[in-house]
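Trainee:
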Amino acid sequence: MSLALLQEAATAVDYGAFAAIGAGLAAIGAGIGIGRIGGSAMEAMARQPEMQGKLQASAIVLLAFVEAVALFAVVVSLIK
Amino acid sequence: MQINTTRAFLYSLFIGLSFSVNASEISEEKEGEKEFNVTDMIMHHIKDAHDFHIMDWNGHAVSIPLPVILWTEEGLVTFMSSEFHHDDSGNVVVEKGGQKFVKYHEEIYYANNTPNEQGSYVNFDEEHHATNATPLDFSITKLVFSMFLSIILLLIIFGISAKKYNSDGVPKGIAKFTEPLVVFIRDEVARPNIGEKHYRRFMPFLLTLFFFIWINNIMGLIPVFPFSANLSGNIAFTLVLALITFVITTFVGNKDYWKHIFWMPGLPVPMKIFLAPIEFMGIFIKPISLMIRLFANITAGHIIVLSLISLIFIAKSAWVSPASIFFSVFISVIEVLVVAIQAYIFTMLSALYIGSAMEEHEH
């Protein structure tokens with residue numbers, strides 16, 4: 021009975037809206053992550069300007085990792 | 238009149254920059270006959286195809302036909318994809334060797350004897366998926382073509398750079414560009430992650446991985462004919478690359494590696510029982526994350542650029558085009574960075590996984 025109700029509810033729901041919410045949540049997470057990496061990298065560069073090149077390189081790699089997690093969520097929201 | 242010429246100029250600028258949005262769509266857009274479907278256009282670009290679609294001209298598709306190679310019940314069947322006459326809804330039947338084939342949504346099916354009401358030779362279930370039998374498809378599709386092209390380019394680039402060394406080992410010409418990259422992979426990726434003792438064995442694999450992914454990523458960013466295919470944004474492509482890393486990691490893994498997965502030393506027994514399944518799953522999750530990371534990054538890049546271009550058609554105004562072109566150029570520039578970083582990360586994580594499987598512990 022409850023299963024039939026659930027199925028009925030599932031057919032009535034517009035998944036597109038949920039996918040958009042999911043993508044938005046992923047963007048929030050990625051934003052926090054990228055912000056923290058960027059902030060810390062800036063601070064470290066200000067403290068030790070001679071390390072700038074190395075810090076920049078590793079910060080960019082870490083940004084790519086965080087971005088990838090957000091993109092996982094985008095892929096999940098693309099798949100119905 | 239003034240607006241029309243500006244509009245025409247912006248449209249032509251836009252056609253020069255984009256490749257998938259096409260002329261027929263613009264004319265239909267003006268007449269308001271057909272709604273421009275952004276999702277369909279983007280999905281068509283992201284997916285594989287049996288012919289290389291370049292543009293539409295006066296409502297006719299201009300595309301390069303590619304060979305279709307099928308392994309059927311009665312053996313090998315080959316023909317050019319142009320015999321389908323750009324049909325993708327199962328309406329055009331190609332008869333070869335006593336068998337009939339149709340193409341529906343870039344899949345090739347055995348055709349029915351009679352068409353249905355829509356003129357299509359395939360059967361559908363309730364969810365409108367085709368239910369006909371399919372032959373094994375070994376076609377040179379758009380992506381396979383793109384992959385062959387990238388292999389040829391790599392052979393040319395590295396064949397030439399190998400010959401550009403004089404007797405004292407000083408690089409000249411294109412080798413001046415490739416040598417620092419090879420040295421970078423050796424000194425920054427292979428050596429620190431795999432270790433001084435074993436890294437030489439894996440250099441060919443890591444270098445191939447890096448340059449193969451990188452060149453395919455770059456080719457996806459170039460929006461003109463022989464390039465532009467979304468190869469490294471195809472999950473099958475990244476799956477095979479990640480699978481190779483997985484197989485290597487599994488086969489080079491030493492006693493310590495397996496011990497640290499199934500019965501890690503220095504932990505109480507309940508903890509070992511709890512952690513073993515998690516560590517075991519980790520063996521598979523690592524290559525899966527490699528696979529999805531590359532696929533998602535490259536596909537998302539293509540989708541973002543195309544969506545920004547499509548904003549013009551969603552807003553139905555030429556005045557949106559400066560903004561959308563500016564943003565798509567901006568994103569494209571970021572993408573140039575992203576594709577290099579993704580190639581690097583894939584290579585670095587492969588080296589890391591291989592290195593962790595060969596690590597010798599002192600207990």
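One line per chain: the protein sequences are E and Z, in this order.
Heads up, the first sequence stops at 100 in this note's numbering, and the numbers go up one at a time, no gaps.
Heads up, the second sequence stops at 600 in this note's numbering, and the numbers go up one at a time, no gaps.
Here a beta-carbon is modelled for each residue, glycine too, at the ideal position from N, C-alpha and C.
1. For I393 of chain Z and chain E, any beta-carbon pair shorter than 8 Å?
2. Which one of E:A90, E:A46, E:I57 has the shortest CA to CA distance from L82 of chain E?
3. Checking 8 Å against the spacing of the C-beta atoms, do I568 of chain Z and V95 of chain E come in under that value?
4. If the cut-off is 8 Å on Cβ atoms, which residues from the stretch 40-63 of chain E count as contacting chain Z, listed in chain order?
5. Do L446 of chain Z and T351 of chain Z have their CB atoms nearer than 8 Å?
6. Apart from the five residues on each side of it in sequence, which residues of its chain come closer than 8 Å, Cβ to Cβ, to I498 of chain Z?
7. Spatial neighbours of G470 of chain Z within its chain, please: C-beta separation below 7 Å, excluding the five flanking residues on both sides.
8. Taking only three categories from DSSP, how would you classify Q355 of chain Z?
9. For G36 of chain E, count neighbouring C-beta atoms within 10 Å of its own C-beta (all shown protein chains included) and say buried if the count is 16 or more, exposed if not.
10. Does W451 of chain Z come out as helix, strand or coil in the three-state DSSP assignment?
11. So the beta strand (DSSP E) W294 of chain Z belongs to, where does it begin and stop?
12. Chain E beta carbons: is any one of them nearer than 8 Å to that of F583 of chain Z?
13. Leaving out five residues before and five after A43 of chain E in sequence, what residues of the same chain have Cβ atoms less than 6 Å from its Cβ?
14. Checking 8 Å against the spacing of the C-beta atoms, do D288 of chain Z and I301 of chain Z come in under that value?
15. Please confirm if L91 of chain E has its CB atom under 8 Å from at least one CB of chain Z.
16. Rounded C-beta distance between T482 of chain Z and Y590 of chain Z? I'm assuming under 8 Å.
17. In the DSSP assignment, the alpha helix (DSSP H) including Y347 of chain Z goes from what residue to what residue?
18. Could you say which of Z:I455, Z:M595, Z:S558, Z:D325 lies nearest to A580 of chain Z if we only look at CA atoms?
19. Please compile the residues from chain Z whose C-beta is within a distance smaller than 7 Å of the C-beta of V81 of chain E.
20. Just how far apart, CA to CA, sit E70 of chain E and V575 of chain Z?
21. From V359 of chain Z to K379 of chain Z, what does the alpha carbon distance come to, in whole angstroms?
22. Who are the neighbours of V19 of chain E on chain Z, taking C-beta pairs under 7 Å?
23. For P514 of chain Z, does the three-state DSSP call read helix, strand or coil?
24. Quick one: does R530 of chain Z have its CB under 8 Å from some CB of chain E?
Mentor: Looking at the coordinates:
1. As a first step, residue 393 of chain Z is located in the second sequence; it is residue number 156 there, counting from the start. By this cut-off, I393 of chain Z is not an interface position.
2. Position 62 of the first sequence, counted from the start, is the residue given in the question as residue 82 of chain E. If we check each option's Cα against that of L82 of chain E, E:I57 comes out closest.
3. The residue given as residue 568 of chain Z occupies position 331 in the second sequence. The residue given as residue 95 of chain E occupies position 75 in the first sequence. In this structure, V95 of chain E does not lie closer than 8 Å to I568 of chain Z by Cβ.
4. none
5. As a first step, residue 446 of chain Z must be located in the second sequence, where it is residue number 209. As a first step, residue 351 of chain Z must be located in the second sequence, where it is residue number 114. Taking 8 Å as the Cβ cut-off, L446 of chain Z and T351 of chain Z do not qualify as a contacting pair.
6. Walking along the second sequence from the start, residue 498 of chain Z turns up at place 261. The residues are A513, E516, F517, G519, I520.
7. Numbered from its first residue, the second sequence carries residue 470 of chain Z at position 233. These residues qualify, in order along the chain: I283, G457, F532, I535, T536, H539.
8. As a working note, residue 355 of chain Z is residue 118 in the second sequence. Coil at Q355 of chain Z, not helix or strand.
9. For the purposes of this step, residue 36 of chain E is identified with residue 16 of the first sequence, where counting begins at 1. Looking at its Cβ environment, which holds fewer than 16 other Cβ atoms inside 10 Å, G36 of chain E is exposed.
10. Against the second sequence, residue 451 of chain Z aligns to sequence position 214. Helix at W451 of chain Z.
11. Sequence index remark: in the second sequence, residue 294 of chain Z carries index 57 (1-based). It spans 288-294 - the beta strand (DSSP E) in which W294 of chain Z sits, taken as one unbroken run.
12. For the purposes of this step, residue 583 of chain Z is taken as the residue at position 346 of the second sequence. F583 of chain Z does not count as touching chain E.
13. Locating residue 43 of chain E in the first sequence gives position 23, where the first residue counts as 1. Excluding sequence neighbours, A43 of chain E sits near V94, S97.
14. In the second sequence, counting from the first residue as 1, residue 288 of chain Z sits at position 51. In the second sequence, counting from the first residue as 1, residue 301 of chain Z sits at position 64. Closer than 8 Å, so yes.
15. Looking up residue 91 of chain E in the first sequence gives position 71. Yes, its Cβ sits closer than 8 Å to a Cβ of chain Z.
16. Counting from 1 along the second sequence, the entry for residue 482 of chain Z is found at position 245. Counting from 1 along the second sequence, the entry for residue 590 of chain Z is found at position 353. Indeed, because the Cβ distance is near 6 Å, the residues count as touching under 8 Å.
17. Position 110 of the second sequence holds residue 347 of chain Z. It is not in any alpha helix (DSSP H) - Y347 of chain Z instead sits in the beta strand (DSSP E) that spans 344-347.
18. Locating residue 580 of chain Z in the second sequence gives position 343, where the first residue counts as 1. Minimum Cα distance to A580 of chain Z is reached at Z:I455.
19. Looking up residue 81 of chain E in the first sequence gives position 61. Residues of chain Z passing the Cβ test: I578, I582.
20. In the first sequence, residue 70 of chain E corresponds to position 50, counting from 1. In the second sequence, residue 575 of chain Z corresponds to position 338, counting from 1. Those two C-alpha atoms are separated by around 26 Å.
21. Indexing the second sequence from 1 puts residue 359 of chain Z at position 122. Indexing the second sequence from 1 puts residue 379 of chain Z at position 142. Going by the C-alpha atoms only, they are around 24 Å apart.
22. Nothing can be reported for residue 19 of chain E: it is not among the residues displayed for chain E, which extend from 21 to 100.
23. As a position in the second sequence, residue 514 of chain Z is number 277, starting the count at 1. In the structure shown, P514 of chain Z sits in a helix (DSSP, three-state: H, G or I).
24. Numbered from 1 along the second sequence, position 293 holds the residue referred to as residue 530 of chain Z. At least one chain E Cβ lies under 8 Å of R530 of chain Z.
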